[in-house]
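Remarks on the structure that follows.
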Amino acid sequence: MPLRYENLDPTTRRHALAELDADLADGAFHASGWLRPAATPEYQRLLRDALRYYDDQWLEERVGDLLMDFETRRTPSGGQTTAKLPDGAPRLLAEMDFNRYYMRGLGLRALEEGREVVEVYRARLSLDPRPESAALEGQRLAATAVLAQLRPADADVVAPSLGQPNSGLSLRLV
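Residue numbering for the sequence shown is 2 to 175, as defined by our numbering.
Laid out in structure tokens, this is it:
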């Protein structure tokens with residue numbers, strides 16, 4: 002089930018696409034380690050199509066064949082091990098990337114419209130949300146800060162004020 006994006010309309014989509022295009026032009030696009038290396042251009046194309054016309058569920062339905070079967074993980078002792086990707090890997094990847102560009106696009110839109118803040122809301126129903134995610138609901142954040150937080154060099158790092166991956170949180174205009 003896709004996240005419920007309250008402001009996913011042509012204006013927000015245009016800004017989200019501008020953010021993706023800027024990352025691609027600057028070489029700043031972060032390809033997940035779950036993607037097969039040769040699949041990155043196809044994933045970028047699918048992500049762009051999803052941002053332009055569809056949603057995270059549409060993207061999820063198309064990325065499964067682009068993912069590796071296994072990943073390398075660090076062990077608590079500092080070593081490495083190989084593990085099978087989680088069953089929900091396509092959903093996690095699609096939701097995380099689509100939502101990141103949606104939120105960046107929304108931040109740009111807010112600034113363009115003279116709005117200074119955006120609001121955190123629960124975009125996916127959760128019967129037992131993480132306490133740290135529940136505490137974020139309703140918080141208003143400066144749009145400039147959101148953009149700064151969502152444009153880090155390491156896209157696997159999620160800004161603490163926007164929750165953990167798979168939190169079900171997103172942003173909306175105030």
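The C-beta atom is built at its ideal place from N, Cα and C for all residues, glycine as well.
Expressed to the nearest angstrom, what Euclidean distance is found between the alpha-carbon atoms of residue i and residue j?
i: Asp155; j: Ala32; result: Residue confidence for Asp155 is low, a pLDDT of 49 falling below 50, so the modelled location carries little weight; the figure read from the coordinates is stated next. Rounded to whole angstroms, Asp155 to Ala32 spans 10 Å at the Cα level.
i: Arg14; j: Thr73; result: 34 Å
i: Glu133; j: Met69; result: 31 Å
i: Leu36; j: Asp57; result: 16 Å
i: Ala146; j: Ala40; result: 32 Å
i: Pro161; j: Val175; result: Caution is warranted here: a pLDDT of 48 is assigned to Pro161, below 50, making its placement in the model unreliable, and no coordinate value can be reported.
i: Leu137; j: Ser171; result: 10 Å
i: Gly106; j: Val118; result: 13 Å
i: Leu76; j: Arg152; result: It should be noted that the sequence gives Thr, not Leu, for residue 76. Taking the straight line from one Cα to the other gives about 28 Å.
Which same chain residues, not among the five before or five after residue i, have their C-beta less than 7 Å away from its C-beta?
i: Thr12; result: Arg110
i: Leu21; result: Leu48, Arg49, Leu52, Tyr102
i: Gly34; result: Glu72
Report the three-state DSSP secondary structure of residue i (helix, strand or coil).
i: Phe99; result: helix
i: Thr82; result: strand
i: Thr12; result: helix
i: Thr76; result: coil
i: Leu4; result: coil
i: Arg173; result: strand
Between which residues of its own chain and residue i is the CB-CB distance below 6 Å, once the five residues before and five after are set aside?
i: Asp24; result: Phe30
i: Tyr54; result: none
i: Glu120; result: Arg141, Arg173, Val175
I'd like the list of long-range same chain contacts for residue i, defined as Cβ closer than 8 Å, with 5 residues on each side in sequence excluded.
i: Leu9; result: Asp56, Tyr103
Out of the options, state which residue places its alpha-carbon closest to the alpha-carbon of residue i.
i: Leu93; options: His16, Arg173, Arg5, Gly169; result: Gly169
Query - Segments assigned beta strand (DSSP E), at least 3 residues, entirely inside the segment 92-144 - result: 118-123, 141-143
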